[in-house]
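**Student:** Sequential numbering from -4 applies to the sequence shown in this note's numbering.
Just so you know, even glycine gets a beta-carbon here, dropped at the ideal spot from N, CA and C.
Every value quoted in this text rests on a predicted model; they were computed, and no experiment measured them.
One structure follows; several queries about it will come next.
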Amino acid sequence: METTEPIVFLDVDGPLIPFGASERELPGGYPEYGPADEGNPLLARLDPALGARLSALPGRLVWATTWLDEANTVVGPRLGLPGLPVVRWQEDTGRGRHWKVPSLVAWAAGRPFVWIDDEIGEADRAWVGGCHPGPALLHCVDARFGLRDADFADIGAWLRVCR
């Protein structure tokens, strides 16, 4: 792996496990792809097809989630993903930006990265723009629907250009 390979920081709740849609937005509710085990009924919403789509992105997948190591033991196997690196969170007060941002920038260490999350705001974009010397795409996913075709198209296009 070359050190300039783009990083794809991946959150779980929202992008991979959708939640919060109304009955009008999703008549009939969310599809269920498997059993809800591990004490979390929302795990049934993990679409196993996402694993192949994520693996096909031209970048290094890294878990950027509060699931930490459980992303590899609970989420990854349902998606057919191998064990992935996990971001360890620094203590942070946020200061108007998302608390994950400093850890992501530190982990990237100047390399290009995409952050896929459902809680990205303008303060995060401004902070990354001022503190990260490399290219970065902060891609906000609608938590009601999770990652969709348009998200994959945008992320894939950015990664191909950034390589």
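According to DSSP, HIS134 sits in a beta bridge with which residue or residues?
**Tutor:** Taking the sequence shown and counting its residues from 1, one reaches residue 134 at position 139. Partner(s): ILE111.
**Student:** Quick check on this structure: which residue in LEU11, PRO72, ASP137, TRP153 has the alpha carbon closest to the alpha carbon of ALA59?
**Tutor:** To locate residue 59, count along the sequence shown from 1; it is residue 64. It is LEU11 whose Cα lies nearest to the Cα of ALA59.
**Student:** Whose C-beta lies closer than 6 Å to the C-beta of ARG120 among residues of the same chain, with five residues either side of it excluded?
**Tutor:** For the purposes of this step, residue 120 is taken as residue 125 along the sequence shown, with counting starting at 1. Taken in chain order, the residues that qualify are LEU133.
**Student:** State buried or exposed for ARG158, treating a residue as buried only when at least 16 other CB atoms are found within 10 Å of its CB.
**Tutor:** Within the sequence shown, residue 158 is the residue found at index 163, counting from 1. Counting Cβ neighbours within 10 Å, ARG158 comes out exposed, since fewer than 16 surround it.
**Student:** How would you write the range of the beta strand (DSSP E) that LEU56 sits in, first residue to last?
**Tutor:** Start at 1 with the first residue of the sequence shown, and residue 56 comes out as number 61. Its beta strand (DSSP E) spans residues 55 to 58.
**Student:** In whole angstroms, what is the alpha-carbon distance linking GLU(-3) and VAL69?
**Tutor:** Numbered from its first residue, the sequence shown carries residue -3 at position 2. Numbered from its first residue, the sequence shown carries residue 69 at position 74. Confidence at GLU(-3) is low in this model, with a pLDDT of 47, below 50, so the placement of that residue should be treated as unreliable; the coordinate-derived value is given next. Roughly 29 Å between the two C-alpha positions.
**Student:** Going straight from the alpha carbon of SER50 to that of LEU56, what length do you get?
**Tutor:** As a working mapping, residue 50 is identified with position 55 in the sequence shown. As a working mapping, residue 56 is identified with position 61 in the sequence shown. C-alpha separation (whole angstroms): 8 Å.
**Student:** Classify PRO36: buried if its beta carbon has 16 or more other beta carbons within 10 angstroms, exposed otherwise.
**Tutor:** For the purposes of this step, residue 36 is taken as residue 41 along the sequence shown, with counting starting at 1. Its Cβ having fewer than 16 others within 10 Å, PRO36 is exposed.
**Student:** Is it true that the CB of VAL109 sits closer than 8 Å to the CB of LEU154?
**Tutor:** In the sequence shown, counting from the first residue as 1, residue 154 sits at position 159. In the sequence shown, counting from the first residue as 1, residue 109 sits at position 114. With respect to the 8 Å criterion, LEU154 and VAL109 are classified as neighbours on the basis of their beta carbons.
**Student:** Tell me whether VAL82 sits in a helix, a strand or coil according to DSSP, three-state version.
**Tutor:** Within the sequence shown, the letter at position 87 stands for residue 82. Three-state DSSP puts VAL82 in coil, outside helix and strand.
**Student:** Let me know if PRO26 comes out buried or exposed under the rule of 16 or more other beta-carbons within 10 Å of its beta-carbon.
**Tutor:** Position 31 of the sequence shown, counted from the first residue, corresponds to residue 26. PRO26 should be labelled exposed.
**Student:** Using a Cβ-Cβ cut-off of 6 Å (strictly less than) and excluding sequence neighbours within five positions of HIS127, which residues of its own chain qualify?
**Tutor:** The residue labelled residue 127 in the question sits at position 132 within the sequence shown. Result list for HIS127: VAL100, in chain order.
**Student:** Pick helix, strand or coil for ASP8, following the three-state DSSP scheme.
**Tutor:** For the purposes of this step, residue 8 is taken as residue 13 along the sequence shown, with counting starting at 1. In the structure shown, ASP8 sits in a strand (DSSP, three-state: E or B).
**Student:** Can you tell me whether ALA66 is buried or exposed, with buried defined as 16 or more other CB within 10 angstroms of its CB?
**Tutor:** In the sequence shown, counting from the first residue as 1, residue 66 sits at position 71. The residue is buried, with at least 16 neighbouring Cβ atoms inside 10 Å.
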